[in-house]
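Protein chains in written order, with the working numbering: chain A, 1 to 212; chain B, 213 to 574.
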Ligand SMILES: Nc1nc2c(ncn2[C@@H]2O[C@H](COP(=O)(O)OP(=O)(O)OP(=O)(O)O)[C@@H](O)[C@H]2O)c(=O)[nH]1
Ligand SMILES: [Mg+2]
């Protein structure tokens with residue numbers, strides 16, 4: 001059973017800001033997008049994670065200093081033919097995690113294509129992170145750390161190698177994104193319609209490892 | 213309640229283990245092999261089952277009488293009524309083949325499935341896509357558990373699933389493998405328990421019942437979510453406005469409903485009842501179900517007060533007590549969706565597809 005650190009409720013309405021961000025996960029099928037989200041949101045890992053159809057929606061809350069950050073996460077389907085749906089998910093997203101599998105060179109190529117598409121079509125301020133997942137399978141590595149890091153630097157992306165299986169860097173990458181997102185009152189949420197009407201209720205319990 | 217859950221969990225993971233709990237007569241694995249989740253609502257389900265068993269017994273008698281010694285039945289108002297009230301599990305696989313026309317195709321081309329199985333190797337990409345999805349299909353079903361030897365899947369439904377999907381890709385290279393077909397083929401295998409039957413049912417689905425759903429652009433799915441939106445706008449304008457207001461689109465909410473034909477969306481028993489009608493009456497029933505889900509849950513949806521709440525609500529309404537009670541659910545589906553002229557639907561589809569195609573060219 002994964003160890004759980006429950007996420008603290010923001011104390012009352014007055015103190016501390018609450019920000020809400022939309023985040024989308026993109027990447028080839030089976031690189032581990034759903035697994036990363038499952039690890040982040042529920043602290044679990046399934047050897048056989050069901051393939052995602054369309055997209056799945058989850059939320060998780062983390063605390064950064066005096067700010068509560070609520071992520072609304074779209075975990076998308078990886079297969080190419082679902083591509084036409086992707087813009088709906090990244091449109092209006094403030095952050096994206098583009099995932100590849102370090103044991104599969106093709107998935108890194110696909111990740112680069114996603115990054116390009118985001119740079120062209122997504123909101124210009126979108127925070128993009130690159131995740132080289134399945135880092136626990138280092139003996140099957142096909143994508144070198146340095147190669148990905150150089151690419152990430154050239155494109156101003158956050159970059160980490162992660163493992164949904166061992167939990168390595170999973171919370172960290174979400175926290176790094178949370179840190180990078182603008183948290184001033186008026187820029188925090190994407191759609192004005194939503195405003196800042198987040199009630200400080202029911203933060204999903206999870207291992208997000210904040211407020212420690 | 214909590215006790216039951218704990219007991220349910222204990223029996224977990226064993227696979228073949230179907231121990232019952234002291235308070236619930238129900239096993240933690242359902243009759244199709246699906247592991248009930250730890251938070252499974254045994255109380256609601258048992259309450260429903262106690263009523264549904266009577267229905268099932270009555271339907272079994274009626275069907276036995278209808279079929280007599282025959283294997284086939286003629287189409288007609290009576291059969292339609294019977295199908296809408298549910299095909300007994302005992303006859304389900306055979307009847308699906310019968311009423312969908314799959315049996316006819318199968319008998320016209322004996323040996324075809326074998327030939328497709330033994331055909332030329334598939335392209336590497338397709339093969340890989342299937343291979344990756346096999347263990348990710350119904351991992352919560354005991355029949356779909358991996359039995360591997362030297363990294364080769366050696367027995368059980370996963371072998372059959374691999375066979376059916378590979379044969380299908382050879383038969384219909386234009387479609388190839390589309391994620392979602394794994395769940396559909398998997399469910400067909402659970403019901404028919406036969407690869408060849410599952411193959412031909414899959415062919416009927418993709419060739420005639422749902423043309424354009426699983427093609428490389430999935431234009432059929434994109435079209436039908438739009439058709440659904442148009443129908444919701446017409447019949448449930450408040451919900452339509454609500455969804456619009458929070459910046460959601462219908463594709464985000466219901467793509468999986470259509471891609472999976474409600475498999476992995478609604479409870480299994482309910483899905484099978486929908487598929488009974490799908491194979492007999494055609495794809496219109498999918499639209500009826502989708503619409504009924506929205507109409508009957510209007511108040512619930514309108515209560516959701518932000519983007520995330522609405523998405524979660526659309527998930528909840530597919531799993532609540534109403535969705536579990538498949539018999540009442542299907543009655544409601546036909547009552548709520550009412551008269552639904554085929555011509556009207558066809559026209560709506562044409563105009564929606566035109567929009568989709570126009571937008572994809574941009
Ligand atoms: N060893 C290892 N396996 C992983 C890791 N992350 C995911 N997996 C496995 O890789 C497979 C695919 O993971 P998913 O999370 O379903 O991949 P996905 O990107 O969501 O795939 P789609 O839904 O098809 O787009 C699953 O069987 C996981 O168990 C990891 O960090 N290490
Ligand atoms: Mg996934």
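Even for Gly, the Cβ is constructed at its ideal location relative to N, Cα and C.
(request) List the residues that DSSP assigns as beta-bridge partners of residue 226 of chain A. (result) Because chain A here runs from 1 to 212, residue 226 of chain A falls outside it and cannot be looked at.
(message) Let me check you understand the geometry: is the CB of residue 52 of chain A closer than 7 Å to at least one non-hydrogen atom of ligand 2?
(response) By one-based count along the first chain, residue 52 of chain A stands at place 52. Proximity of the beta carbon of residue 52 of chain A to ligand 2 is indicated: a heavy atom of the ligand is located closer than 7 Å.
(request) Would you verify that the beta carbon of residue 463 of chain B is, or is not, closer than 8 Å to some beta carbon of chain A? (result) Translated into positions along the second chain, residue 463 of chain B becomes position 251. Yes, contact with chain A.
(request) Over the uninterrupted beta strand (DSSP E) stretch that includes residue 160 of chain A, give me the two end residues. (result) Here residue 160 of chain A refers to the residue found at position 160 when the first chain is read from its first residue. Start and end: 158–161.
(request) Step through the CB atoms of chain B and report whether any lies within less than 8 Å of the CB of residue 23 of chain A. (result) The count along the first chain starts at 1 and reaches residue 23 of chain A at position 23. Using beta-carbon distances, residue 23 of chain A does not count as an interface residue toward chain B, since no partner is under 8 Å.
(request) Taking only the alpha-carbon atoms, compute the straight-line gap between residue 512 of chain B and residue 529 of chain B and give it to the nearest angstrom. (result) Numbered from 1 along the second chain, position 300 holds the residue referred to as residue 512 of chain B. Numbered from 1 along the second chain, position 317 holds the residue referred to as residue 529 of chain B. Those two C-alpha atoms are separated by around 8 Å.
(message) Let me check understanding here. Comparing Cα to Cα, which of B:310, B:255, B:317, B:438 lies closest to residue 493 of chain B?
(response) For the purposes of this step, residue 493 of chain B is identified with residue 281 of the second chain, where counting begins at 1. Checking every option, the nearest Cα to that of residue 493 of chain B belongs to B:310.
(request) Indicate whether at least one CB of chain A lies closer than 8 Å to the CB of residue 428 of chain B. (result) Along the second chain, one-based indexing puts residue 428 of chain B at 216. Yes, residue 428 of chain B lies at the interface with chain A (some Cβ there is under 8 Å from its Cβ).
(request) With DSSP collapsed to three states, give me the class of residue 139 of chain A. (result) Residue 139 of chain A sits at position 139 when you count from the first residue of the first chain. Residue 139 of chain A falls in the helix class under three-state DSSP.
(message) So, for residue 347 of chain B: in the same chain, excluding its five sequence neighbours on each side, which residues have a beta-carbon less than 6 Å away from its beta-carbon?
(response) In the second chain, the residue the question calls residue 347 of chain B occupies position 135. Answer for residue 347 of chain B: 358, listed in chain order.
(request) Return the chain-ordered list of same chain residues with a C-beta closer than 6 Å to the C-beta of residue 245 of chain B, the five sequence neighbours on each side being excluded. (result) Working through the second chain from its first residue, we reach residue 245 of chain B at position 33. Cβ neighbours of residue 245 of chain B beyond the five flanking positions: 353, 354, 355.
(request) Taking only runs that begin and end inside the stretch 59–103 of chain A, name each unbroken beta strand (DSSP E) of 3 or more residues, in chain order. (result) As summarised for the stretch 59–103 of chain A, the continuous beta strand (DSSP E) elements at least 3 residues long and confined to that stretch are 67–76, 95–101, given in chain order.
(request) Report the partner residues of residue 18 of chain A according to the DSSP bridge assignment. (result) Here residue 18 of chain A refers to the residue found at position 18 of the first chain. Answer is A:68.
(message) Assuming contact is defined by CB atoms lying nearer than 8 Å, are residue 24 of chain A and residue 129 of chain A in contact in what I supplied?
(response) Translated into the one-based positions of the first chain, residue 24 of chain A becomes position 24. Translated into the one-based positions of the first chain, residue 129 of chain A becomes position 129. It is not a contact, given that the beta carbons lie outside the stated cut-off.
(request) Could you tell me which chain A residues have their CB closer than 8 Å to the CB of residue 523 of chain B, listed as they occur along the chain? (result) Residue numbering aside, residue 523 of chain B sits at position 311 when the second chain is read from its first letter. Going along chain A in sequence order, the residues near residue 523 of chain B (Cβ under 8 Å) are 57.
(request) Could you check what DSSP says for residue 385 of chain B in three-state terms: helix, strand or coil? (result) Locating residue 385 of chain B in the second chain gives position 173, where the first residue counts as 1. If DSSP states are grouped into helix, strand and coil, residue 385 of chain B belongs with coil.
(message) I'd like to know whether the C-beta atoms of residue 75 of chain A and residue 56 of chain A end up nearer to each other than 8 Å.
(response) For the purposes of this step, residue 75 of chain A is taken as residue 75 along the first chain, with counting starting at 1. For the purposes of this step, residue 56 of chain A is taken as residue 56 along the first chain, with counting starting at 1. Cβ distance < 8 Å, so residue 75 of chain A and residue 56 of chain A count as in contact.
(request) Please report the residue range of the alpha helix (DSSP H) in which residue 547 of chain B lies. (result) Reading the second chain from its first residue, position 335 is the one you call residue 547 of chain B. Element bounds for residue 547 of chain B: 538–549.
(message) Against residue 468 of chain B, what residues of chain D qualify as contacts under a CB-to-CB distance less than 7 Å, listed in chain order?
(response) Going by chain labels, chain D is absent from the structure shown, which instead holds the protein chains A and B.
(request) Output the distance between the C-alpha atoms of residue 498 of chain B and residue 438 of chain B, rounded to the nearest integer angstrom. (result) As a working mapping, residue 498 of chain B is identified with position 286 in the second chain. As a working mapping, residue 438 of chain B is identified with position 226 in the second chain. Distance from the CA of residue 498 of chain B to the CA of residue 438 of chain B, rounded to the nearest whole angstrom, comes to 13 Å.
(request) Examine the Cβ distances between the stretch 374–384 of chain B and the stretch 317–329 of chain B and report whether three or more of them are shorter than 8 Å. (result) The stretch 374–384 of chain B, when compared against the stretch 317–329 of chain B, does touch it at the 8 Å Cβ threshold.
(message) Is it buried or exposed, residue 186 of chain A, if we count other Cβ atoms within 10 angstroms and call 16 or more buried?
(response) Counted from its first residue, the first chain places residue 186 of chain A at position 186. Below a pLDDT of 50, predicted positions are generally treated as unreliable, and residue 186 of chain A, at 45, falls in that range; the measurement from the model is reported next regardless. Exposed, by the Cβ-count rule.
(message) Which residues of the stretch 472–500 of chain B have a Cβ closer than 8 Å to any Cβ of chain A? Give them in chain order.
(response) So the close ones are 472, 476.
(message) Looking at ligand 2, does it come within less than 7 Å of residue 33 of chain A, judged from the CB to the closest heavy atom?
(response) One-based indexing of the first chain puts residue 33 of chain A at position 33. Yes, ligand 2 has a heavy atom inside 7 Å of this Cβ.
(message) Considering only heavy atoms of ligand 2, does any lie closer than 7 Å to the CB of residue 352 of chain B?
(response) As a first step, residue 352 of chain B must be located in the second chain, where it is residue number 140. Checking every heavy atom of ligand 2 against the Cβ of residue 352 of chain B, none is found closer than 7 Å.
(request) May I have the straight-line CA-CA distance separating residue 233 of chain B from residue 239 of chain B, to the nearest angstrom? (result) Your numbering for residue 233 of chain B matches position 21 in the second chain. Your numbering for residue 239 of chain B matches position 27 in the second chain. Residue confidence for residue 233 of chain B is low, a pLDDT of 44 falling below 50, so the modelled location carries little weight and cannot support an answer.
(request) Determine whether the Cβ of residue 519 of chain B lies closer than 8 Å to any Cβ atom of chain A. (result) Indexing the second chain from 1 puts residue 519 of chain B at position 307. Residue 519 of chain B counts as touching chain A.
(message) Closer than 7 Å to a non-hydrogen atom of ligand 2 - does that hold for the CB of residue 75 of chain A?
(response) The residue you call residue 75 of chain A lines up with position 75 of the first chain. Under cutoff, so the answer is yes.
(message) Between residue 133 of chain A and ligand 1, is there a pair consisting of the residue's CB and a ligand heavy atom that are separated by less than 7 Å?
(response) Start at 1 with the first residue of the first chain, and residue 133 of chain A comes out as number 133. Answer for residue 133 of chain A: yes, Cβ within range of ligand 1.
(message) Using a Cβ-Cβ distance cut-off of 8 Å, determine whether residue 558 of chain B contacts chain A.
(response) As a working mapping, residue 558 of chain B is identified with position 346 in the second chain. Not an interface residue.
(request) Could you tell me which residues DSSP puts in a beta bridge with residue 175 of chain A? (result) Taking the first residue of the first chain as position 1, residue 175 of chain A is located at position 175. DSSP lists no partner for residue 175 of chain A.
(request) Could you tell me whether the stretch 429–436 of chain B touches the stretch 335–344 of chain B, using the rule of 3 or more Cβ pairs below 8 Å? (result) Two segments are said to touch when three or more pairs of C-beta atoms, one from each, lie closer than 8 Å; by this definition the stretch 429–436 of chain B does not touch the stretch 335–344 of chain B.
(request) For residue 348 of chain B, decide whether its Cβ has a neighbour in chain A, counting only Cβ atoms nearer than 8 Å. (result) One-based indexing of the second chain puts residue 348 of chain B at position 136. For residue 348 of chain B, the answer is yes, since a Cβ of chain A falls inside 8 Å of its Cβ.
(request) Could you tell me whether the Cβ atoms of residue 157 of chain A and residue 177 of chain A are closer together than 8 Å? (result) For the purposes of this step, residue 157 of chain A is identified with residue 157 of the first chain, where counting begins at 1. For the purposes of this step, residue 177 of chain A is identified with residue 177 of the first chain, where counting begins at 1. No Cβ-Cβ contact shorter than 8 Å links residue 157 of chain A with residue 177 of chain A.
(message) Counting only beta-carbon separations shorter than 8 Å, does residue 432 of chain B have a partner in chain A?
(response) The residue labelled residue 432 of chain B in the question sits at position 220 within the second chain. False, the Cβ-Cβ gap to chain A never drops below 8 Å.
(message) What I want to know is whether the C-beta of residue 172 of chain A ends up closer than 7 Å to one or more non-hydrogen atoms of ligand 1.
(response) Along the first chain, one-based indexing puts residue 172 of chain A at 172. Flag unset: Cβ of residue 172 of chain A not near ligand 1.
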